[in-house]
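Numbering (my numbering), first residue to last: 12 to 233.
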Amino acid sequence: MDQFKMDQFKIEELVSAANKFFFELINDIDFTNRNLQIAIGLILFNPIYWNIMARLEHKTHFLTKIFGSAKNGCYFLAFTIFSLGLIRDDFYNKALSEQPTFSLFLQPEYENLIKSLGLIIFSIGSILVVSSMYKLGITGTYLGDYFGILMSKRVVSFPFNVCSNPMYNGSSLCFLGTALWYGKPAGLLATLVVFSQYQLALLFEEPYTAKIYADKEATKKR
12 MDQFKMDQFK IEELVSAANK FFFELINDID FTNRNLQIAI GLILFNPIYW NIMARLEHKT
72 HFLTKIFGSA KNGCYFLAFT IFSLGLIRDD FYNKALSEQP TFSLFLQPEY ENLIKSLGLI
132 IFSIGSILVV SSMYKLGITG TYLGDYFGIL MSKRVVSFPF NVCSNPMYNG SSLCFLGTAL
192 WYGKPAGLLA TLVVFSQYQL ALLFEEPYTA KIYADKEATK KR
């Protein structure tokens with residue numbers, strides 16, 4: 012009985028400590044910061060933009076018609092997606108520079124450890140993103156299948172043998188690594204929003220992409 016009470020007390024202590032840690036993190040986020048608001052807005056907007064544009068292209072071929080070919084249309088969409096990503100990252104970095112640093116991350120015994128962890132996570136994320144783009148190319152990375160530019164076979168080598176969505180996972184890790192490097196709770200919040208938005212985007216993208224390739228196979232068999 013005494014052991015049970017002791018274990019219960021330890022659990023309550025852990026829960027209390029976790030709650031305290033969480034609320035300290037939240038308190039160190041300046042939600043009124045304009046750059047943070049814009050960064051979060053772009054994080055939410057960008058996947059919506061490219062999914063709407065890609066589906067419209069698949070249904071109407073409007074970009075193909077405007078730019079004269081499917082490849083040119085895809086390159087235009089790639090340019091806009093890439094540019095929006097750069098703008099988002101710029102606002103994210105500006106926001107972090109203006110946000111409070113979490114007090115725990117400033118303590119000498121933790122600061123170097125947290126920075127090292129952030130650097131490692133950012134490096135892993137960058138490798139996933141860059142290697143994914145290298146394997147897929149521009150049209151494979153930027154929704155070429157919606158333009159009818161289909162890959163002959165599925166890529167299964169690195170980084171796709173590590174995770175099924177290395178571009179999205181790698182981008183999320185880059186956000187997390189940056190947040191840890193600078194010790195900014197606002198960065199952790201942005202990372203959560205990025206990861207959640209990518210997971211939501213995949214709920215729409217994966218079935219739709221699968222349908223595109225299924226239609227291709229059905230056409231071949233006719």
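All residues carry an ideal CB built from backbone N, CA and C; glycine is no exception.
Source: prediction; values computed, not measured.
Applying the criterion that 16 or more other CB atoms from any shown protein chain within 10 Å of the CB defines a buried residue, is residue i buried or exposed?
i      : result
Asp195 : The question names Asp, yet the displayed sequence has Lys at residue 195. That one is buried.
Phe241 : Past the edges of the chain, shown from 12 to 233, lies residue 241, and the structure says nothing about it.
Pro218 : exposed
Tyr145 : exposed
Tyr224 : exposed
Gly148 : exposed
Ile51  : buried
Leu67  : exposed
Asn57  : buried
Within this structure, are the beta carbons of residue i and residue j separated by less than 7 Å?
i      : j      : result
Phe133 : Asn46  : no
Leu88  : Tyr153 : yes
Cys185 : Gly136 : yes
Ile54  : Val167 : no
Leu161 : Lys227 : yes
Asn44  : Glu109 : yes
Gly84  : Leu74  : yes
Leu191 : Leu128 : yes
Pro177 : Ser143 : yes
Tyr121 : Leu130 : no
Pro170 : Leu139 : yes
Thr220 : Asp156 : yes
Leu107 : Tyr193 : yes
Ala201 : Ile40  : no
Any idea what DSSP makes of residue i, helix, strand or coil?
i      : result
Asp101 : helix
Thr43  : coil
Pro218 : helix
Phe56  : helix
Between the Cα of residue i and the Cα atoms of the options, which residue gives the shortest distance?
i      : options                       : result
Leu203 : Ala225, Asn180, Ala221        : Asn180
Pro111 : Leu199, His72, Leu130, Gln210 : Leu199
Phe113 : Gly52, Pro170, Leu36, Thr220  : Leu36
Thr189 : Gly79, Lys105, Phe42, Glu68   : Lys105
Ile63  : Ile92, Tyr86, Gln118, Lys164  : Ile92
Val141 : Lys222, Ile49, Ser182, Lys164 : Ser182
Ile49  : Phe215, Arg99, Lys222, Thr150 : Arg99
Gly151 : Ala65, Phe215, Gln210         : Ala65
Leu187 : Ile59, Lys126, Ser80          : Lys126
Where in the region 135-213 do unbroken runs of the alpha helix (DSSP H), each at least 4 residues long, occur, reported from the N-terminal end onward?
-> 177-193
What are the complete alpha helix (DSSP H) segments, minimum 4 residues, inside the region 61-122?
-> 73-78, 81-109, 114-117
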